[in-house]
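Below is one structure, written out as structure tokens; the observations come after it.
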Amino acid sequence: MEIFERLEDRSAVVCVVGVGYVGLPLAEAFSKHLRVIGYDMNGSKIEELNNKNNNSNLIFTSDPAKINKADFVLIAVPTPITESKEPDLFCVRSSMDTVGRNLKKGAIVVLESTVYPGVTEEIAMSVLDKSSGMKCGVDFKVGYSPERINPGDEVHGISNITKIVSGMDEETTEVLVKLYNLITTVFKAKDIRTAEAAKVIENIQRDLNIALINELALIFERMNIDIMDVIEAAATKWNFNVYYPGAGVGGHCLPVDPYYLVKKAEDLGYHSKVITAGRAVNDYMPMHVFKLLVDALNECERAVKGSKVVVLGFSYKENVG
């Protein structure tokens with residue numbers, strides 16, 4: 006396989022589509038080993054990155070024609086939800102269309118965005134086939150390797166977070182294992198759907214754990230028991246996993262990703278109970294915090310209207326802008 010040989014002699018070119026908080030670190034990591042193109046449709050972002058860039062192995066561009074130079078195209082675009090809390094795959098479809106129109110024959114396209122199982126094979130492949138005029142599996146290959154970036158985490162970065170890798174066939178998987186092994190350790194998933202499912206449950210599990218401790222806080226509050234004292238005592242047992250309550254769940258992933266699996270489950274005739282219950286608890290917490298604030302103002306005989314409130318910590322977690 007020619008692309009495997011190009012990896013061997015380090016002549017392969019990687020294009021990262023979407024150079025945000027996921028794509029940019031990925032591009033920088035691969036640029037230590039291969040030539041990398043960072044593509045983004047946001048021209049002002051590209052200009053800013055180029056002004057700061059002194060890496061000769063890495064270029065940034067808003068010209069989609071540059072994608073044609075790449076042997077590997079890694080797509081790291083947002084996967085938000087709609088106002089009705091359904092998956093919004095516009096960015097995935099749009100980026101696949103752009104990539105397809107500029108795809109080099111023999112290239113491998115890898116989706117990194119968090120999606121429900123089936124998106125890569127049912128949607129991405131179809132869009133690529135149509136926009137490229139080529140045939141997936143014959144003229145180009147597809148894989149999935151979910152991003153696991155933890156914003157603000159100075160301990161766990163790309164180089165020490167295991168990368169789940171999967172390809173549309175065994176040959177593609179082996180090439181992707183070799184590619185991602187350049188930057189970190191790799192776990193070879195059974196297939197693409199397994200890899201997609203693995204990523205989405207990582208975030209669902211965390212969301213549910215947070216929902217549990219938030220609900221316990223609500224219950225103990227009514228008993229006049231401090232949840233922080235309860236956690237301190239419970240944590241003395243070796244297998245107790247510590248989570249702390251808060252004003253809900255924020256960020257790009259945790260409040261969003263559960264709805265991807267919920268929607269897919271509903272399409273298959275299963276209505277989630279636990280996942281949606283967890284989302285309901287976490288979605289309620291901001292309102293509960295507001296209620297606590299109102300109660301505190303009432304105790305001070307202060308009206309809510311006209312009161313000044315200081316929020317200490319405005320981001321969804323520490324060290325994140």
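Under our numbering, the first residue of the sequence shown is numbered 6, with each subsequent residue one higher. All C-beta atoms in this analysis are idealised placements derived from N, C-alpha and C, irrespective of residue type, glycine included.
(message) Which residues does DSSP list as the beta-bridge partners of Gly43?
(response) As a working mapping, residue 43 is identified with position 38 in the sequence shown. According to DSSP, Gly43 bridges with Val21 and Phe65.
(request) Starting from the N-terminal side, write out each stretch of the alpha helix (DSSP H) that is 4 residues or longer and does not extend beyond the region 260–310. (result) Counting whole runs of 4 or more residues, the region 260–310 contains the alpha helix (DSSP H) stretches 262–272 and 279–304.
(message) Give me, in chain order, the residues of the same chain whose beta-carbon lies closer than 6 Å to that of Val294; leave out the 5 immediate sequence neighbours on both sides.
(response) Working through the sequence shown from its first residue, we reach residue 294 at position 289. Excluding residues within five positions, the ones whose Cβ falls inside 6 Å are Ala252.
(message) Using the Cβ count rule (16 or more neighbours within 10 Å means buried), how would you classify Ile215?
(response) On the sequence shown, position 210 is the one that residue 215 refers to. With 16 or more Cβ atoms within 10 Å of its Cβ, Ile215 is classed as buried.
(request) Could you tell me the boundaries of the beta strand (DSSP E) in which Gly172 lies? (result) Residue numbering aside, residue 172 sits at position 167 when the sequence shown is read from its first letter. Its beta strand (DSSP E) spans residues Lys168 to Gly172.
(request) With a 10 Å radius around its C-beta and 16 neighbouring C-beta atoms as the bar for buried, classify Arg5 as buried or exposed. (result) Coverage of the chain is limited to positions 6 through 326, which leaves residue 5 absent and any answer about it impossible.
(request) In angstroms with no decimal places, state the Cα-to-Cα distance between Tyr321 and Asp158. (result) Reading the sequence shown from its first residue, position 316 is the one you call residue 321. Reading the sequence shown from its first residue, position 153 is the one you call residue 158. Taking the Cα positions, Tyr321 is about 13 Å away from Asp158.
(request) Kindly indicate which residue of Asn47, Val24 and Gly311 has the alpha-carbon position closest to the one of Ala81. (result) Residue mapping note: residue 81 aligns to position 76 of the sequence shown, counting from 1. Ranking Asn47, Val24 and Gly311 by Cα distance to Ala81 puts Val24 first.
(message) Short of 8 Å in beta carbon distance, which residues of its chain neighbour Lys110, apart from the five on each side in sequence? Order them along the chain.
(response) Counted from its first residue, the sequence shown places residue 110 at position 105. Apart from the 5 residues on each side of it in sequence, Lys110 sits with its Cβ closer than 8 Å to the Cβ of Met139, Asp144 and Phe145 in its chain, given in chain order.
(message) Suppose contacts are defined by Cβ-Cβ distances below 8 Å. Is Met46 in contact with Ser67 by that definition?
(response) For the purposes of this step, residue 46 is taken as the residue at position 41 of the sequence shown. For the purposes of this step, residue 67 is taken as the residue at position 62 of the sequence shown. Against a cut-off of 8 Å, the Cβ pair of Ser67 and Met46 comes out as a contact.
(request) Report all residues from its chain with a CB closer than 8 Å to the CB of Asn338; omit the five preceding and five following residues, and keep chain order. (result) Nothing can be reported for residue 338, as the shown portion of the chain is limited to 6 through 326.
(request) Return the Cβ separation of Thr119 and Val205 in integer angstroms, given the expectation that the two are a contact with Cβ distance under 8 Å. (result) Numbered from its first residue, the sequence shown carries residue 119 at position 114. Numbered from its first residue, the sequence shown carries residue 205 at position 200. Rounded, the Cβ-Cβ distance is 6 Å, consistent with contact.
(request) Would you identify the three-state DSSP class for Lys146, choosing helix, strand or coil? (result) Within the sequence shown, the letter at position 141 stands for residue 146. In the displayed model, Lys146 falls within a strand according to three-state DSSP.
(message) What does the Cβ neighbour count give for Lys278, buried or exposed, with the cut at 16 atoms within 10 Å?
(response) What you label residue 278 is simply residue 273 of the sequence shown in a count that begins at 1. By the neighbour-count criterion, in which 16 or more other beta carbons inside 10 Å mark a residue as buried, Lys278 falls on the exposed side.
(request) With a threshold of 16 other CB atoms inside 10 Å of the CB of Glu13, please say whether the residue is buried or exposed. (result) Within the sequence shown, numbered from 1, the residue matching residue 13 stands at position 8. Burial call: exposed.
(message) Measuring only the C-alpha atoms, how far is Pro122 from Ser150?
(response) Taking the first residue of the sequence shown as position 1, residue 122 is located at position 117. Taking the first residue of the sequence shown as position 1, residue 150 is located at position 145. One C-alpha to the other measures close to 12 Å.
(request) Work out the CA separation of Gly48 and Met228 for me, nearest whole Å. (result) Reading the sequence shown from its first residue, position 223 is the one you call residue 228. Reading the sequence shown from its first residue, position 43 is the one you call residue 48. Straight-line measurement puts the Cα of Gly48 at about 55 Å from the Cα of Met228.
(message) Short of 6 Å in beta carbon distance, which residues of its chain neighbour Asn58, apart from the five on each side in sequence? Order them along the chain.
(response) In the sequence shown, counting from the first residue as 1, residue 58 sits at position 53. None.
(request) Count the C-beta pairs between the region 222–239 and the region 265–275 that are closer than 8 Å, then say yes if the count reaches three, no if not. (result) Counting Cβ pairs under 8 Å, fewer than three are found: no touch.
(request) Can you tell me which of the three DSSP states Cys96 falls into? (result) Here residue 96 is taken as the residue at index 91 of the sequence shown, counted from 1. If DSSP states are grouped into helix, strand and coil, Cys96 belongs with the helices.
(request) Spell out whether any CB of chain D is found under 8 Å from the CB atom of Arg15. (result) In the structure shown, chain D cannot be found, because there is only a single protein chain.
(message) Need the endpoints of the beta strand (DSSP E) that Lys204 sits in, please.
(response) In the sequence shown, counting from the first residue as 1, residue 204 sits at position 199. Taken as a continuous stretch (DSSP letters only), Lys204 belongs to no beta strand (DSSP E), being part of the alpha helix (DSSP H) at Ile197 to Arg227.
(message) What does the alpha-carbon distance come out to for the pair Ile232 and Asn246?
(response) Looking up residue 232 in the sequence shown gives position 227. Looking up residue 246 in the sequence shown gives position 241. If you take the alpha carbons of Ile232 and Asn246, they lie about 14 Å apart.
(message) By the DSSP assignment, the alpha helix (DSSP H) with Lys135 in it spans what residues?
(response) The sequence position of residue 135 within the sequence shown is 130, counting from 1. First-last of the alpha helix (DSSP H) with Lys135: Met130 to Ser137.
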